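Numbering (my numbering), first residue to last: 19 to 891.
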RNA sequence: GGACGAUUAGCUCAGCUGGUAGAGCACCCGCUUGACGUGCGGGUGGUCACAGGUUCGAGUCCUGUAUCGUCCACCA
């Protein structure tokens with residue numbers, strides 16, 4: 019039999035075990051018509067990124083699910099992959115080039131892209147290796163990348179087909195512009211934050227009149243692009259001005275006063291400046307009134323040539339100057355403090371500028387309809403359910419999705435502009451001429467697609483779509499999508515409508531949302547705060563299993579969790595506990611086969627029955643995605659039931675003379691341990707596999723064994739209850755001894771007075787060993803002489819020990835009186851319940867019965883306590 | 001302006017469909033108990049944020065309030 023070291027060393031086994039799994043090919047998803055498929059696609063991490071705790075959370079949940087399903091007999095497939103992460107990656111490469119004093123423009127598009135691919139090759143493997151370190155059982159042969167050939171083809175197909183259906187269009191619209199990344203962003207990519215700002219009230223004089231109107235703005239520099247002032251059509255104050263002109267200060271441009279219902283008469287002065295090129299609302303109004311659009315900023319948000327003397331100034335410089343000039347020229351009425359929401363780029367945190375720009379959009383309304391239905395009617399289930407509301411709200415109000423980005427890294431848009439006729443050719447194959455006029459003078463759109471455009475296709479592009487592959491046929495729709503709630507809109511929503519539109523099926527049946535991992539102060543982990551915890555370091559210190567178990571048990575579905583090293587330490591200790599329990603079993607093992615003995619002792623039945631309930635409950639919890647609860651139950655079973663009780667209980671047999679009893683104990687020890695390792699395996703794959711390999715076994719690997727489930731053959735609820743009676747007695751004696759500071763060397767005679775003599779007889783040896791009893795007498799009648807005896811009372815017995823010399827009478831009296839008091843209080847409450855007619859009439863029978871029993875026991879207890887009190891005198 | 005989440009032991013968190021509150025860590029008292037001191041036995045500690053309501057019975061369901069947090073919203 020194999021010797022295990024005294025302390026579990028994860029570093030010595032994790033790598034070895036992982037390689038063994040790879041060798042065995044156990045991660046491979048195989049099409050098997052006999053089996054039901056279970057598929058997960060990984061939320062692809064940034065190809066050049068590093069694993070952080072958020073990933074670790076995500077991957078652990080997925081790995082637990084996929085391992086459980088694999089063991090349950092499904093044909094399990096977990097598709098891994100990485101994301102090209104357009105902006106994020108491009109920024110990184112540009113930064114590294116900048117250190118060498120090079121900009122991407124110096125290199126040109128083609129050379130720059132070469133650099134990015136090099137970068138991808140250099141760092142692309144890192145995160146994959148880190149996923150393996152965690153234990154992820156992905157099918158690595160199917161590793162995908164959002165810009166690999168297949169995914170690119172899927173992107174192209176989707177773009178063209180949506181264009182053909184009129185669901186993708188190009189238009190000049192207001193979009194969010196990031197002046198630092200110099201690209202358009204979608205609404206989802208803008209983070210809004212309430213900020214202290216100012217509200218500037220400005221006079222606009224009415225032309226040929228002494229009158230003026232006052233408008234207010236939070237962004238005075240945009241007035242350079244004002245092309246109208248709007249009032250409400252029914253506003254009596256301004257009705258006479260409608261159709262007249264006002265003179266735009268500083269620019270001296272005459273702009274019309276228009277009437278539009280958009281204006282709220284109650285708000286401010288009731289006059290609104292219109293800047294159609296720099297405000298989404300104004301843009302809408304502008305469309306209705308055919309207003310001129312004047313863009314006053316360039317792509318770095320500096321004032322452009324349309325901004326008169328302010329041209330060249332940065333937007334905030336321009337703001338200062340504009341305000342100063344307005345003030346000097348007497349146009350500034352007042353300045354108020356004002357809190358308003360400011361949007362920033364989610365990648366670089368620069369404040370975005372709403373500007374009009376020609377971009378590509380996906381029309382959301384037609385796509386949203388079914389995407390809403392499938393979630394409402396449960397064809398896609400959200401766990402926890404509350405996220406349905408977020409989703410619905412977003413989907414119902416989603417604006418058209420701006421998908422073009424002014425970047426180089428990504429899927430270039432397959433659209434060609436004809437220089438001769440202006441037609442746009444959108445095509446699956448690169449065209450060499452305009453499809454309309456045949457001119458060869460065509461140029462391809464420079465822009466690339468939003469990263470999330472390709473991610474949206476991930477569940478089916480990774481399975482071979484647009485081809486009708488056997489994989490797609492078998493493994494799609496996928497089963498569960500596991501992801502953080504923070505990318506519900508970015509990704510989950512878009513996968514849903516994309517899946518429906520292109521595959522006519524839901525992309526997944528269930529979405530399991532998890533929260534964010536925060537630092538110990540509850541803050542988001544971020545680079546700028548420097549509070550990030552590197553999972554690789556955690557694994558180095560505590561082992562992957564400890565990290566996984568910490569993450570799984572430390573949270574409830576959908577909620578954020580704080581990361582504590584202390585918890586990892588506790589989980590490492592747990593791993594060590596299992597390790598040593600297994601060592602114990604191994605060093606006592608003389609058998610080579612795992613089977614249950616013919617004859618089972620009471621405690622055997624107890625542990626087997628406990629194990630059986632555990633298996634049942636764990637399966638139920640996992641079905642409901644309550645992974646943390648399942649893991650906790652396994653933890654408790656191993657530590658409390660198996661280690662602290664059962665192992666101790668087997669020692670008399672193992673160390674005794676009776677060969678049959680010895681073998682019997684070994685068999686049950688081995689059986690229960692093996693089943694427990696199976697239950698625990700998905701959560702702590704490495705240590706369980708390592709131990710299993712050291713135990714007598716038949717299969718190749720624990721990870722492909724069958725997951726335990728409820729088994730009638732080891733279900734002994736009555737014996738389980740009987741044994742609990744003995745356990746209670748043992749606990750009561752221990753408590754008593756501890757209270758009285760009885761030295762461990764003292765093993766007094768124990769007299770048990772009980773009506774359940776059989777039960778106690780069956781547990782005789784264990785009573786003496788675990789309750790430190792010298793001799794044990796089991797009787798149905800009270801001892802004749804009570805003097806000098808110390809009593810303990812349980813629900814089923816009175817136990818006496820001759821320990822009088824250790825008793826401090828005063829203390830003892832106090833103790834009993836205290837116990838008496840609580841017992842009396844409990845009895846009072848129980849009796850008041852039982853005298854309540856409503857309770858008797860309406861509570862379920864078993865609750866009433868339980869209450870009656872409780873009352874009886876309390877009465878007996880009180881009687882016993884009173885006797886003991888008397889005996890003290 | 002909406003929506004959601006949190007509020008339970010000193011700390012971090014569990015607590016499913018309502019039946020007299022749990023874990024880990026911390027703390028206190030014991031223990032060289034032949035698997036494990038990364039351990040063993042015992043223990044202290046909670047009017048489950050607050051106010052109402054439903055119910056025989058409410059951390060658990062309903063309504064409202066407070067504090068903290070998050071998301072959404074075209075709030076000149």
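For glycine and all other residues, C-beta sits at the position ideal for the given N, C-alpha and C. From a predicted model like this one, the values you see are computed outputs, not experimental measurements.
Pop quiz: residue i and residue j are said to be a contact at Cβ under 8 Å. What is the actual Cβ separation, rounded to whole angstroms?
i	j	result
residue 667	residue 621	5 Å
residue 45	residue 157	5 Å
residue 646	residue 694	Actually they are not in contact, since the Cβ atoms of residue 646 and residue 694 sit about 18 Å apart, beyond 8 Å.
residue 562	residue 32	6 Å
residue 706	residue 750	35 Å between Cβ atoms; not a contact.
residue 75	residue 767	Contact doesn't hold; Cβ gap of about 56 Å is too wide.
residue 837	residue 873	Contact flag wrong, Cβ pair sits at about 17 Å.
residue 663	residue 595	So it is not a contact: roughly 14 Å between Cβ atoms.
Going by CA-CA distance only, name the one from the options that's closest to residue i.
i	options	result
residue 455	287, 301, 122 and 439	439
residue 191	270, 221 and 303	303
residue 249	267, 279, 50 and 777	279
residue 701	70, 86 and 43	86
residue 515	730, 385 and 400	385
residue 215	108, 871 and 237	237
residue 723	27, 511, 777 and 89	89
residue 291	315, 240, 338 and 328	240
residue 78	704, 744, 38 and 420	704
residue 69	424, 308 and 553	553
residue 494	476, 508 and 510	476
residue 491	852, 480, 619 and 588	480
residue 488	34, 844 and 49	49
residue 265	886, 710 and 246	246
residue 842	808, 859, 831 and 884	884
residue 260	809, 234 and 224	224
residue 226	186, 273 and 696	273
residue 586	792, 599 and 556	556
residue 732	657, 832, 618 and 348	618
residue 29	808, 675, 559 and 682	559
residue 769	720, 819 and 715	819
Which term fits residue i, buried or exposed, when burial requires 16 or more other beta carbons within 10 angstroms of its beta carbon?
i	result
residue 59	buried
residue 430	buried
residue 285	exposed
residue 189	exposed
residue 101	buried
residue 865	exposed
residue 605	exposed
residue 182	exposed
Would residue i pass as a contact of residue j if the rule is Cβ separation under 8 Å?
i	j	result
residue 566	residue 243	no
residue 640	residue 648	yes
residue 373	residue 193	yes
residue 437	residue 461	yes
residue 257	residue 288	no
residue 628	residue 738	yes
residue 630	residue 741	no
residue 420	residue 114	no
residue 473	residue 164	yes
residue 317	residue 200	yes
residue 328	residue 339	yes
residue 98	residue 174	no
At what residue ranges does the region 354 to 408 contain a whole run of the alpha helix (DSSP H), taking only runs of 4 or more? 382 to 394
Can you check the region 637 to 697 for any alpha helix (DSSP H) of at least 4 residues that lies completely inside it and give the ranges in chain order? 645 to 654 and 666 to 673
Complete runs of the alpha helix (DSSP H) confined to the region 715 to 776 [at least 4 residues]: 735 to 758
In chain order, which continuous runs of the beta strand (DSSP E) of length 3 or greater are located wholly inside the region 285 to 357? 289 to 292
Which parts of the region 403 to 467 are runs of the beta strand (DSSP E), unbroken and 3 residues or longer, counting only runs that do not cross its ends? 433 to 436, 442 to 444 and 460 to 462
Quick one: complete beta strand (DSSP E) runs, 3+ long, within the region 829 to 857? none
Which ranges would you report for the beta strand (DSSP E) in the region 29 to 113 if only whole runs of at least 3 residues count? 55 to 59 and 93 to 97
Jot down the residue ranges of each uninterrupted alpha helix (DSSP H) in the region 491 to 567, minimum 4 residues, whole runs only, in chain order. 511 to 521 and 553 to 560
List in chain order: all unbroken alpha helix (DSSP H) runs of 4+ residues lying wholly within the region 769 to 829. 775 to 780 and 782 to 788
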